[in-house]
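Step one of this worksheet: look at the structure below.
Residue numbers (this note's numbering), protein chains in the order written: chain S, 1 to 853; chain C, 854 to 1172.
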């Protein structure tokens, strides 16, 4: 199938030879130098004729490059209303002659092949873990669920190159250029900007009974409210829009960010007996330089009326607070529910109560003040200064196998070994790939053996040494190194590793089954289960080859890593008994929290120390009940929570930054996340003998569902993306390189002090005063419980008591009250380096397990 | 750019591409293929496909030849689609091969081994044919499995150390048409072959009972209950408990609130609704599951007939 589909896809993006007329005109134009063309356009071009040509139906420029009046639809091509400000005439000429030479950000075209065999081609509007949204000419936005996508490829510019075919002659080309060059904001009308007072404009919207309310604030932030649907629509910075001579306002929405609210977001109650309201718009008023929206909700079954006042507080473009003031009917204690969606934001917090994780908030009976605080992600890609991302083209495996990199390692001779999910090890040398080993089962990790020629890999049934005895670059002996753990064939029984310490001891981790055996808590939902036999364990292979259980309590430990001091770290994935994904240091005898793994401990006498043919089918009729009080005390807290939702959802293995080659982060862990397509960075410190520390965002987003990471000997970070599973993407290898001529401006690490935190920066921060208000610190904790993940509990702001900047301006000391067993969210707001660079990755989470004593 | 090239613009065209089972087949051509995979209850089995259509699985836990079939090799769909890790289908009819559960015995033919240690396999560079390496009670043994014709299987045992104790290989002679061993060795009527010290080579030639069945590509099951267990159970319960997706308890003919196109609506779970929920799981999302993990596209794994069976099964789940 894949071949047929790929072929089809190729067809779709195939170049065709142009017709001769266009070629003729093009050749004529190309015969002249660019400066000549520019000169010709400015002397011979006629703007008025150009405007007519631009709107000519057959040519269709306006169809893609202008947002229809009153339309909410995204444009297909870049908006050209101010192109004269944005591009020089020479650039405009190039863009028409060769649309693919430079594609404006946000206007990259993609061809998507769905599993049903549909081909959709259009400009990428949005891509998330769950869906891809394309703007398709004449169709508008087409949403394609990620699971439906078979393949997705970058297409050439969506702009047809046959534009020239529709031009009668050279003159028309000059007219068009003259017209476009003259399209400047100054020609569009007067920009509407609030200087002293708030501006509120009513803007008619096609097909809606009430006009939209557009608000401009003196600080340059504007927002739009939709009274037809009783919700905030979007927010942006810059002019509210442009006023034409006849007084019409064209909104400046090209950089607007949505509020992602549902139309009519209010409901009465939760679950059974809940009902929808009739909405009635009452109007708005301006009060204390805020616009207050007023409307009423009428209960359909009972006619009761709730009066709502809604206003927006805007601390910054990245954070907004929506205040609702509610007047309840006197004769009822019914609760109200407000629909929210977490996934589009970094974080959503309210003073209501959570009805369902990430979705609904309900108010306490009679609650009159309801506040929703939205923290947004920055738009666009965040890549710290000095880092760049490139791709390495992978090999094309024979069908039905795929190339989904799950691990990398690097031999001294410059060879890279890559393990893949469909059970192969590939060798990459001198930019050539060869298949080193195949026929393995879901290899999840690879390590080059001491001789630099053989390779260890972890596959589901065993740890294997692949020996290349004749040094021809292909393994000929597949040696079974360790298989003394149970493997029943359930898909979730993943195995990851190995890592090898300087003594030659090896470690690997095993995942629990998602169903089929003994659950730690029979009554709860969707629990992972253990087949008994060291599932959810870290196992050690001694230098004598003996396998022994090393540490327990893992759920789906998708990543194992080792730092330069031979210390082992693991990442686990959110689920039952795992509140959020985390990174933890693992030592002999540790129990990290999933109780289903405990029955394998010696004290229960169930699982033999050695598993072999005699006990491979071991089934136990009954497992003893576990004492929750006991295993709570036994549990080692994760070193750093990786903050499910905000920073990671499905993290892969941690890779530790070498001393040279990757910038000022030596010893820190870099982890890729499948769902977020991002890299996070973890800086650890030892407090009271145990690791804890801070997690920072680093790069986001990457090209695809990033999972595996490894530093090569030059200090470049390799990232492997898998193509299926919880999220869809293109399997690929991306490599992040640091250019040592540059220095990123980041929080290097956060150290706990007796009175707060010392934040160390990679560069001195600017000398201007740091305002206490711009720093926001919150603390919360997670629940350790049988349910699937945990929300932030007791999430509250912590007042900053003192701020101090070190003389070299590299350390910011924050004084705050400290409480152990909390996660501190530290948001620095807008901080600049001494050289004027803004701190883009301006937040971090510090997991405070222990205080300094 | 010397030449202007045009892009063929596809706006929104529909082209049907249907995957056939063979797209996921591992095809053996001129080299043997070794593939670790789950084909049976022994999850650690190693499947081998030899040029010419002879295939077998070797059980590395008991170090025995497990299954033999002639025909095509394996359907890899279970590993290459979805979350992977699925069982692979063998593309032929299993034939009885007669090896006992623990065929290799050391010192005493009646005593089960104390230890069986699988040590891996060696692939012959030119042909890819594997030699399995293992130790039974400490005695190193290398084993190859070959076939020189239809219904013929040869097990070769090699003892790298001549200096081994008495070794035995146990067969069930009734399970096969005939058993034959190399000339200096003997096999008893009960199928026990003895390899005395000093012998470093043994060959067991089996003629299998001809297969009574003809291989037809296994039709996917249309047992609704089984399909539910295989594809739905991990997220949807039948007893009302909440898992990743809504429970199927109280489903058929009952009302529920779903979100469709951003609006809540009450639907009756009739056949149309159930079918839609399976085929387009995101079209109408049950209240409370708006942000649940997205349901996988079941059409990738099930055919129309199977989906009909699943719908029928869910319709029978009357409260």
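No residue lacks a Cβ here, since even glycine has one placed at the ideal position from N, Cα and C.
As the structure is a computational prediction, the values presented were derived from the model and not from experiment.
{"Asked": "Positions along the region 268-300 of chain S whose CB lies within less than 7 angstroms of some CB in chain C", "Found": "276"}
{"Asked": "Per-residue burial, residue 847 (chain S) [other beta carbons within 10 Å of its own, 16 or more giving buried]", "Found": "buried"}
{"Asked": "Neighbour flag for residue 972 (chain C) against chain S, beta carbons, 7 angstroms", "Found": "yes"}
{"Asked": "Distance, residue 719 (chain S) Cα to residue 737 (chain S) Cα", "Found": "11 angstroms"}
{"Asked": "CB contact below 7 angstroms: residue 1102 (chain C) versus chain S", "Found": "no"}
{"Asked": "Neighbour flag for residue 1155 (chain C) against chain S, beta carbons, 7 angstroms", "Found": "no"}
{"Asked": "Buried versus exposed, by CB contacts within 10 Å (16 or more), residue 812 (chain S)", "Found": "buried"}
{"Asked": "Beta-ladder partner(s) of residue 298 (chain S), from DSSP", "Found": "S:278, S:305"}
{"Asked": "7 angstroms Cβ cutoff met for residue 482 (chain S) and residue 541 (chain S)", "Found": "yes"}
{"Asked": "Beta strand (DSSP E) runs contained entirely in the region 402-451 of chain S, provided each spans 3 or more residues", "Found": "405-410, 416-420, 425-429, 432-437, 446-448"}
{"Asked": "Beta-carbon gap between residue 346 (chain S) and residue 304 (chain S) smaller than 7 angstroms", "Found": "no"}
{"Asked": "Distance between residue 178 (chain S) and residue 50 (chain S) (C-alpha atoms, nearest Å)", "Found": "7 angstroms"}
{"Asked": "Of the residues S:314, S:311, S:306, the one placed nearest residue 331 (chain S), counting alpha carbons only", "Found": "S:306"}
{"Asked": "Proximity below 7 angstroms, CB of residue 959 (chain C) to CB of residue 1018 (chain C)", "Found": "yes"}
{"Asked": "Start-to-end residues for the alpha helix (DSSP H) that takes in residue 1164 (chain C)", "Found": "1157-1169"}
{"Asked": "Proximity below 7 angstroms, CB of residue 560 (chain S) to CB of residue 509 (chain S)", "Found": "yes"}
{"Asked": "Below-7 angstroms beta-carbon distance, residue 890 (chain C) vs any chain S residue", "Found": "yes"}
{"Asked": "Run of the beta strand (DSSP E) containing residue 387 (chain S), from where it starts to where it stops", "Found": "387-392"}
{"Asked": "Whole-Å CB distance - residue 1016 (chain C) paired with residue 1050 (chain C), under 8 angstroms assumed", "Found": "7 angstroms"}
{"Asked": "Cβ contact (3+ pairs, closer than 8 angstroms) linking the region 375-392 of chain S and the region 289-296 of chain S", "Found": "no"}
{"Asked": "Closer than 7 angstroms at the beta carbon, the chain S residues around residue 929 (chain C)", "Found": "400"}
{"Asked": "Cβ distance (whole Å) where residue 583 (chain S) is taken to contact residue 639 (chain S) below 8 angstroms", "Found": "6 angstroms"}
{"Asked": "Chain C within 7 angstroms of residue 605 (chain S), Cβ atoms only", "Found": "no"}
{"Asked": "Nearest neighbour of residue 851 (chain S), chosen from S:690, S:449, S:180 [CA to CA]", "Found": "S:690"}
{"Asked": "Supposed close pair residue 1063 (chain C), residue 1004 (chain C) - CB separation, criterion 8 angstroms", "Found": "6 angstroms"}
{"Asked": "Chain C within 7 angstroms of residue 480 (chain S), Cβ atoms only", "Found": "yes"}
{"Asked": "Pairwise C-alpha distance: residue 944 (chain C) and residue 1039 (chain C)", "Found": "35 angstroms"}
{"Asked": "Euclidean distance between Cα positions of residue 844 (chain S) and residue 291 (chain S)", "Found": "33 angstroms"}
{"Asked": "The region 429-444 of chain S: positions lying closer than 7 angstroms to chain C by Cβ", "Found": "439, 440, 441, 442"}
{"Asked": "6 angstroms Cβ shell around residue 770 (chain S) - same chain, five flanking residues per side excluded", "Found": "803"}
{"Asked": "Contact under 7 angstroms by Cβ, residue 210 (chain S) with residue 228 (chain S)", "Found": "yes"}
{"Asked": "DSSP state of residue 659 (chain S) mapped onto helix, strand, coil", "Found": "coil"}
{"Asked": "Segments of 3+ residues assigned as beta strand (DSSP E) that fall wholly inside the region 517-560 of chain S", "Found": "537-541, 547-552"}
{"Asked": "Cutoff 7 angstroms: residue 489 (chain S) Cβ touching any chain C Cβ", "Found": "yes"}
{"Asked": "Any C-beta of chain C under 7 angstroms from that of residue 646 (chain S)", "Found": "no"}
{"Asked": "Partner residues on chain S for residue 887 (chain C), Cβ-Cβ distance less than 7 angstroms", "Found": "439"}
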